[in-house]
């Protein structure tokens, strides 16, 4: 198998790590670029660009190659996410100034492009005029013709034609005073209605108080300690699957003197690059809560998470190795 080309100098360490890992996976499959194209959804030229560091491969391509080589797709997708955050395009090549095209050449180029109007229109306003003409020819309503309909669709102002003014309080029965001609006799029914509402409200308050007393007697065991236990046990139960771009919420709380974020109860898990677990989400939440910024709580133990752990270890007088272990968990959960 031919040796690999040297990677471009503009690639950062995360991008180099991803491409190097992809090269190893391709070597493990024993497939050529042509065979790789037939076994995946991407062409030979695309794989050559991806594996020579000229273009960032899509996440689907990374997952397909990992599946062919029998590798863990989640770990590869985590590497892809870290590389995508710092991936830079190659610097532009110096090119000679383009020769000004003559009238005949300009007409030929315009005729070969799909986004240039078929009929030449003088001036720089040709694209706008051409777009307007094509819209009219296709039968769609142009912008200026829609404006009156938009105005008519808005809510009418009180007193406008076709919008009747509705007296305030209409539909409330005998409590409405129409015009100003209401006789004193018509205002009399209001007092019994108000007294009825007051009586009903008082009865509801009494019933609610009685229910509170009954529940307090029947359920004496539901105390604050059990409520705290239930709140703390809201730990993610499903198996962790890394999804690029997804972030997780942090439920920061204390339980029995320790700090938790609602994703893991561990105090001994060993985490380092490139771990992808709920334990990583827990550590990232607690680091963010303590002011050590890691950028995104995504469950991937990348370079930013490692730097935050090193800063915490340095501040607490621990061994600065960037690895989450029992001693680092101990100070993180204080």
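Numbering (the UniProt record's numbering), first residue to last: 1 to 334.
Using N, Cα and C, we set each Cβ at its ideal position, and we do this for glycine too.
Given the structure is predicted, the values throughout are model-derived calculations rather than measurements.
Residue 15 vs residue 42 beta-carbon contact at 8 Å: Numbered from 1 along the chain shown, position 15 holds the residue referred to as residue 15. Numbered from 1 along the chain shown, position 42 holds the residue referred to as residue 42. Against a cut-off of 8 Å, the Cβ pair of residue 42 and residue 15 comes out as no contact.
Provide the residue span of the alpha helix (DSSP H) that contains residue 254, from first to last. Your numbering for residue 254 matches position 254 in the chain shown. Unbroken run through residue 254 is the beta strand (DSSP E), 253-255; no alpha helix (DSSP H).
Taking the straight line between their C-alpha atoms, what separation do you get for residue 38 and residue 283? Start at 1 with the first residue of the chain shown, and residue 38 comes out as number 38. Start at 1 with the first residue of the chain shown, and residue 283 comes out as number 283. The alpha-carbon atoms of residue 38 and residue 283 are separated by roughly 42 Å.
Please state whether DSSP places residue 50 in a helix, a strand or coil. The residue given as residue 50 occupies position 50 in the chain shown. Three-state DSSP puts residue 50 in a helix.
Determine contact between the region 73-87 and the region 260-275, defined as no fewer than three beta-carbon pairs at a distance below 8 Å. yes
Simplified DSSP state of residue 293, which is helix, strand or coil: Within the chain shown, numbered from 1, the residue matching residue 293 stands at position 293. The answer is coil: DSSP assigns residue 293 none of H, G, I, E or B.
Does the distance from the C-beta atom of residue 68 to that of residue 29 stay below 8 Å? Taking the first residue of the chain shown as position 1, residue 68 is located at position 68. Taking the first residue of the chain shown as position 1, residue 29 is located at position 29. Going by C-beta atoms, residue 68 is nearer than 8 Å to residue 29.
For residue 248, count neighbouring Cβ atoms within 10 angstroms of its own Cβ and tell me buried if that reaches 16, exposed if not. Here residue 248 is taken as the residue at index 248 of the chain shown, counted from 1. Buried is the call here.
Just to confirm my understanding: we take residue 254, look at its own chain, exclude 5 residues before and 5 after, and list those with CB closer than 8 Å. What are they? Numbered from 1 along the chain shown, position 254 holds the residue referred to as residue 254. For residue 254, where only same-chain residues beyond five positions count, the Cβ hits under 8 Å are 260.
Could you check if residue 239 is buried or exposed, using at least 16 other CB atoms within 10 Å of its CB as the buried criterion? Indexing the chain shown from 1 puts residue 239 at position 239. Flag for residue 239 reads exposed.
In angstroms with no decimal places, state the Cα-to-Cα distance between residue 307 and residue 204. Locating residue 307 in the chain shown gives position 307, counting from the first residue. Locating residue 204 in the chain shown gives position 204, counting from the first residue. Looking at the two C-alpha atoms, the distance is approximately 59 Å.
Tell me residue 324's beta-bridge partners as DSSP assigns them. The count along the chain shown starts at 1 and reaches residue 324 at position 324. Partner(s): 271.
Does DSSP classify residue 335 as helix, strand or coil? Nothing about residue 335 can be read from this structure; the chain reaches only from 1 to 334.
In terms of residues, what are the limits of the alpha helix (DSSP H) holding residue 71? Here residue 71 refers to the residue found at position 71 of the chain shown. Counting along the chain, residue 71 falls outside any alpha helix (DSSP H), and DSSP gives it neither H nor E.
Cβ distance (whole Å) where residue 323 is taken to contact residue 285 below 8 Å: Against the chain shown, residue 323 aligns to sequence position 323. Against the chain shown, residue 285 aligns to sequence position 285. No, residue 323 and residue 285 are not in contact; Cβ-Cβ is about 18 Å, not under 8 Å.
Does the distance from the C-beta atom of residue 23 to that of residue 4 stay below 8 Å? Translated into the one-based positions of the chain shown, residue 23 becomes position 23. Translated into the one-based positions of the chain shown, residue 4 becomes position 4. In this structure, residue 4 lies closer than 8 Å to residue 23 by Cβ.
Let me know if residue 45 comes out buried or exposed under the rule of 16 or more other beta-carbons within 10 Å of its beta-carbon. As a position in the chain shown, residue 45 is number 45, starting the count at 1. Classification of residue 45: exposed, given that the 10 Å Cβ count is below 16.
Name the DSSP bridge partner or partners of residue 276? Locating residue 276 in the chain shown gives position 276, where the first residue counts as 1. Answer is 300, bridged to residue 276.
What span of residues does the alpha helix (DSSP H) with residue 26 cover, start to end? Here residue 26 refers to the residue found at position 26 of the chain shown. Where residue 26 is concerned, the enclosing alpha helix (DSSP H) stretches over 13-29.
Exposed or buried, residue 280, counting other C-beta atoms within 10 Å across all chains shown (16 or more means buried)? Here residue 280 refers to the residue found at position 280 when the chain shown is read from its first residue. Buried, by the Cβ-count rule.
Nearest CA to the CA of residue 243: which residue from 250, 211, 76? By 1-based counting over the chain shown, the position of residue 243 is 243. For residue 243, the nearest C-alpha among the options comes from 76.
Along the alpha helix (DSSP H) that carries residue 34, what are the first and last residues, could you check? The residue you call residue 34 lines up with position 34 of the chain shown. Residue 34 -> alpha helix (DSSP H) spans 33-39.
Report the three-state DSSP secondary structure of residue 59 (helix, strand or coil). The count along the chain shown starts at 1 and reaches residue 59 at position 59. Correct three-state label for residue 59: helix.
Just verifying my parser: in three-state terms, what is the DSSP assignment at residue 264? In the chain shown, the residue the question calls residue 264 occupies position 264. If DSSP states are grouped into helix, strand and coil, residue 264 belongs with coil.
By DSSP, does residue 319 sit in helix, in strand, or in coil? The residue you call residue 319 lines up with position 319 of the chain shown. DSSP places residue 319 in coil when its eight states are reduced to three.
Applying the 10 Å Cβ sphere with the 16-neighbour rule, what's the burial state of residue 314? If you number the chain shown from 1, residue 314 lands on position 314. Looking at its Cβ environment, which holds fewer than 16 other Cβ atoms inside 10 Å, residue 314 is exposed.
DSSP state of residue 285, grouped into three classes? Translated into the one-based positions of the chain shown, residue 285 becomes position 285. Reduced to three states, the DSSP call for residue 285 is helix.
In the structure shown, what three-state DSSP assignment does residue 248 receive? Counting from one through the chain shown, the residue named residue 248 turns up at place 248. Coil.
Tell me whether residue 27 is buried or exposed, calling it buried when 16 or more other Cβ atoms sit within 10 Å of its Cβ. Your numbering for residue 27 matches position 27 in the chain shown. Label assigned to residue 27: exposed.
With a 10 Å radius around its C-beta and 16 neighbouring C-beta atoms as the bar for buried, classify residue 245 as buried or exposed. The sequence position of residue 245 within the chain shown is 245, counting from 1. So residue 245 ends up on the exposed side.
Figure out for me which residue from 290, 89, 51, 9 has the closest Cα to the Cα of residue 334. Here residue 334 refers to the residue found at position 334 when the chain shown is read from its first residue. Looking at the Cα atoms, 290 is the closest of the given residues.
To which residues of the same chain is residue 302 closer than 6 Å at the C-beta, ignoring the five residues directly before and after it? Sequence index remark: in the chain shown, residue 302 carries index 302 (1-based). For residue 302, where only same-chain residues beyond five positions count, the Cβ hits under 6 Å are 82.
Measuring CA to CA, which of 258, 270, 299 is closest to residue 332? Your numbering for residue 332 matches position 332 in the chain shown. Taking only the C-alpha atoms, the option nearest residue 332 is 258.
For the candidate residues 320, 87, 325, 317, whose alpha-carbon lies nearest to that of residue 343? Residue 343 lies beyond the range of the chain shown here (1 to 334); nothing can be said about it.
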